[in-house]
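The block underneath contains the structure these notes are about, expressed in structure tokens.
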Amino acid sequence: MISSAQQDILRSLPQVEEVLRSSRLRALEALLPHQVLADCAREAISEHRENILNKTRCSTIDPDEVIEAARTKALGYLEPSLRRAINATGVIVHTNLGRSPLADEAAEAVMQVARSYSTLEYDTNLRARGSRHDHVEGLLCALTGAEAAIAVNNNAAAVVMVLAEFAKGHEAIVSRGELVEIGGSFRIPDIMAFSDACMVEVGTTNKTHAADYERALGPHTSMLLKVHPSNYRVVGFSESVAINDLREIADRENERRRQEGIDQEVLVYEDQGSGAFINLACFGEYAEPTVAESVRSGCDLVSFSGDKLLGGPQAGIVVGSKHLIDRLKKNPLARAMRLDKMTLAALEATLRLYLNPDTALKNIPTLRMLSEADERVHERAERLADMLRSVLPQGSTRVDVVPEIARTGGGALPLCEIASFATRVSFERGSAQDCEIFLVSKRTTPIIPRIKNDAVLFDARTLSDDELPELGEALCAYFESVGA
Ligand SMILES: *Cc1c(COP(=O)(O)O)cnc(C)c1O
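Numbering (my numbering), first residue to last: 190 to 673.
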């Protein structure tokens, strides 16, 4: 039932035409199509109508309010949505913030191919059609010791492609301790079902033994799948089977099959997820096998992300035996999930940096942040603190530097605590919550801090030196918005 009071308020709503005739919307006519402006007007009116009907709005409406709401919507089309952000969270591979920032060399390579034609699928020696896979395959092989490699859109795509090619209509054996959910609806059992692979679970949540895999082997088995528990750990009374033991099991079974004249082989495939190329000191006791180690331990195939510990662009990389990678290259999914020229350029440039590990550590931002010496991080936090003390209004804040724990993030090394330092700002005027809203929502370049005990923390491990002045400006702007 609409009350008569509500009806009165509804009558105060302007018509679409009236909103469009306003000078504020007419001023946007040169910038936006009429249709878009009309839609903004309609949405603004309908949102106000909703509020009247659900009684969150109980007073008459000034048409100016609706006009302003429509204008804000229209202006939204003119502002970039995907933009640079400043990560002061201390989470290095932050999935919500785009995981790995690219190295300068990678960004430059993207610019080069983005703005002109390129050799994407052109072989300049043969002066004929080439393959886009060639740009990264050689480097991937050189760096991991694998025979062959292919890169696709992301690691989720790589897993789907590998399962679809090698386990479709067959059985893949996986430990119950590794039936992981990576996040965003990517769950191993669901991906198995999606790929028409029959999942055979073995072992228990905490312990799986080699004998469990052996018992589960059957004539339809095509794969022993190992999934890296990227984002969680079973600690305590736990055990899993190492790659080289899976290799032995597969070898024995393949030998038996050869003697019986069966040519369907059993593969060992590891979904390694984070894909480290270098084991960094900061990983400490949590250090994981690198991709090269998994290859050496006997995996037929290893897949991993391009933008986690590798520090490159979003990509999914599969390395392994040539005859298997050749089959993947021919799979229709490889075509559907192929990389574009810009990602390939960034990936190639990032991989090239790994040819010299010192260069990789210095130039790849993710590796630099992970491996930066504690003292340097401390120094940066102190520098930021000094600067804030000098630029922020007298008596508005207390600023100090506190030890903090940074994280790898990106579903990698969840237990690994990386020593860090944060610049802590406590508020005499305004509040930490208010300030966070301002820094995140009101700035063209949002600054994402951490809030702890009514203070705003800027973790210096994920900040770069050239971002510090922007933090000063943003905090000053916050205090201007709060007023004297
Ligand atoms: C992160 C991860 C994935 C998904 O990789 P994306 O590159 O994000 O698609 C798959 N498997 C494991 C084990 C992971 O850690």
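Where is the CB? At the ideal position from N, CA and C, for every residue including glycine. Owing to the predicted nature of the structure, the values given are computational and were not obtained by experimental measurement.
Across the set D654, I191, E606, the C-alpha of E606 shows the shortest separation from the C-alpha of L469. In this structure V349 is in contact with I380, their Cβ atoms being roughly 6 Å apart against a cut-off of 8 Å. What you get when you keep residues with a C-beta closer than 5 Å to any heavy atom of ligand 1 is N343, N344, A345, I371, H417, S419, D460, G462, S494, G600. Looking at the backbone, the Cα of R447 and that of T284 are separated by about 45 Å.
With a beta-carbon spacing of about 17 Å, D489 and G505 fall beyond the 8 Å limit used to define contacts. Distance from A292 to N552 at the Cβ level is roughly 5 Å; contact confirmed, criterion being Cβ atoms closer than 8 Å.
DSSP, read as helix, strand or coil, puts L581 in coil. Counting along the chain, no alpha helix (DSSP H) covers Q461; the unbroken beta strand (DSSP E) around it starts and ends at 456 to 462. At a Cβ-Cβ threshold of 9 Å, S248 and I191 do not count as neighbours. The C-beta distance from R321 to R527 rounds to 7 Å, short enough to fall under 8 Å. Here E437 is near G487, since their CB atoms are less than 9 Å apart.
Measuring C-alpha to C-alpha distances from S201 to each of L660, L214, R246 identifies R246 as the nearest. In the three-state DSSP reduction, A608 falls in the strand class (E or B). Straight through space, the alpha carbons of T410 and R404 are spaced by roughly 11 Å. For V416, the CB contacts under 7 Å within the same chain, skipping 5 residues up- and downstream, are V363, E367, V369, I377, D460 in chain order.
Annotated three-state conformation of M531 is helix, per DSSP.
In the structure shown, the three-state DSSP call for N240 is helix.
If you check the CB distance, I640 and F647 do not come in under 9 Å. With 16 or more other Cβ atoms from the protein chains shown falling within 10 Å of its own Cβ, G462 counts as buried. Residue pairing by DSSP puts Y311 in a beta bridge opposite R318.
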